[in-house]
Amino acid sequence: MIAKMKHVRISLLLITTVLAGCNSNVKNTVGEKGKEGIKVAIQKIEADAGSQEESYIGTVEESVSIPLSFLIPGTADQVKVEEGQSVVKGQLLAALDNESYENAYQMALAKEQQAQDAYDRLEPVYRKGSLPEVKFVEVKTGLAQAHAAALLAKGKVTDCLLYAPTSGVIGRKMIEPGMNIIPGNPALQLVKISTVKVKVPVPENEIAGISKRMDAVVKVSALGEQQFKGQVTEIGVISNPLSHTYAVKVELDNPDKVLKPGMICSVNISNPVLGSRIVIPLSAVQTDGNGKRFVFIADAKSKKARKEYIETGALVTNGVTINKGLSNGDLLITEGSQKLEDNSIIQMIK
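Throughout the sequence shown, residue numbering follows my numbering, covering 9 to 358 in sequence.
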């Protein structure tokens, strides 16, 4: 029994000695008595006046789209343009077979001439008092009606021709020669792409941060990630009931017409930040057991790490903004902070 008690005492003594040795090693690692301390990388904090960027996916659209149609029915006789063709204002684009309308116009002209002849014969007679006024009014009215009918018939002949109302590009061609044409149905689509718009769906919880004239950078993967600069020009007020997003449009100059409607692109919209701000790498931020965020700051004189609680702001392209807790000139520990405790001895490396 005595031998067993001695064995237990010896075992406890050994365990106590080992634990004491472990605690001593831990203190030497993070305490003041360490030889060199934990190696850490630092970054000097410098506040700057920057901008907050949000990234979205958008679709290129034409700046203007005009559906062109004939006002009268008929048969397409000529289509003088192709899709993608540039046209100028006043250029003839398409024409209907006008034979029946031309014949109707000639008949209307003949009736107008007949009415004019009757008027010319009877007007002197009326002035002499030899023609009742009622009869002369009938002749005069007949001439006016014949003239109106001739103008109407002439207008239909003119309506057989479809002209470009403005300069642009033919986006779509919906007719071919020989097709029956229904009045009002689009025959051609004329678009303007010297400037284009990028339609961006913005979530409802972010739309309040978007305003007109904000700068935007658009990247198009189909063009080798080529970048284009533009500005927000339109902000929708009605949300998409399915996606709960609002349509925002960014206008871009497109003088070379390399941007085509339908292209998918990434859009970075910059929101200017008033005053100065501090931005640090997100990887430097840690969270304690209570959910509070903190970082470690290096003290160059004491060569110790100081635990500093912070209040974070918005996520930005190069990190996270800091609302409270850090100042200009602080030495932020950006690497090696996971091994630190408050007042850990550190060795700063570049």
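Note that beta-carbon positions come from the ideal geometry of N, C-alpha and C, so glycine has one too.
query                                                                                                                                                                   : result
Reducing DSSP to helix, strand and coil, say where F78 ends up.                                                                                                         : coil
Strictly under 9 angstroms for the Cβ-Cβ distance: is I354 near chain D by that measure?                                                                                : Within the model displayed, chain D is absent; a lone protein chain is all it includes.
Which of helix, strand or coil does DSSP assign to K41?                                                                                                                 : Its pLDDT being 36, under 50, K41 is placed unreliably in this model, and the value from its coordinates should be taken loosely. Note: K41 maps to coil in three-state DSSP.
For the beta strand (DSSP E) that E245 lies in, which residues bound it at each end?                                                                                    : The amino acid at residue 245 is misidentified as Glu; the sequence shows Val. Neither: V245 is in no beta strand (DSSP E) and is coded neither H nor E.
Which residues does DSSP pair with A255 in a beta bridge?                                                                                                               : P209
Indicate the three-state DSSP secondary structure (helix, strand or coil) for N111 in the structure shown.                                                              : helix
Is the distance from the Cβ of A123 to the Cβ of V147 below 9 angstroms?                                                                                                : yes
Going by other Cβ atoms of all chains shown within 10 Å of its Cβ, with 16 needed for buried, is Y317 buried or exposed?                                                : exposed
In the DSSP output, which residue or residues are listed as bridge partners for Y317?                                                                                   : F302
Quick one: residues in its chain with C-beta nearer than 8 angstroms to the C-beta of Y113, no 5 flanking neighbours on either side, listed in chain order?             : A158, A161, K162, K164, V165
Is the beta carbon of L117 closer than 9 angstroms to that of P191?                                                                                                     : no
Only counting the same chain, and skipping five residues up and downstream in sequence, which positions put a Cβ closer than 8 angstroms to that of E120?               : L151, A154, H155, A157, A158
Note the first and the last residue of the continuous alpha helix (DSSP H) segment covering Q355.                                                                       : Taken as a continuous stretch (DSSP letters only), Q355 belongs to no alpha helix (DSSP H), being part of the beta strand (DSSP E) at 354-357.
According to the Cβ coordinates, are I218 and V210 closer than 9 angstroms?                                                                                             : yes
What is the residue span of the beta strand (DSSP E) that K47 lies within?                                                                                              : 46-52
So, for D85: in the same chain, excluding its five sequence neighbours on each side, which residues have a beta-carbon less than 7 angstroms away from its beta-carbon? : A103, L104, D105, P185
Got a sec, what are the start and stop residues for the alpha helix (DSSP H) S150 sits in?                                                                              : Ser is not the amino acid found at residue 150; the sequence shown has Gly there. Residues 141-166.
Which class does S278 belong to by DSSP, given the choice of helix, strand or coil?                                                                                     : strand
Helix, strand or coil, according to DSSP, for A118 in the structure here?                                                                                               : helix
By how many angstroms is the C-alpha of A322 removed from the C-alpha of K354?                                                                                          : In the sequence as presented, Lys is not what sits at residue 354; that position holds Ile. Between I354 and A322, the C-alpha separation is close to 30 angstroms.
In its own chain, which residues sit with a C-beta less than 6 angstroms from the C-beta of K309, not counting the 5 before and 5 after it?                             : none
Using a Cβ-Cβ cut-off of 8 angstroms (strictly less than) and excluding sequence neighbours within five positions of V177, which residues of its own chain qualify?     : G92, Q93, S94, V95, L198, V199, K200, I201, K265
Please report the residue range of the beta strand (DSSP E) in which T174 lies.                                                                                         : It is not in any beta strand (DSSP E) - T174 carries neither H nor E in the DSSP assignment.
Where does L334 fall in DSSP's three states?                                                                                                                            : coil
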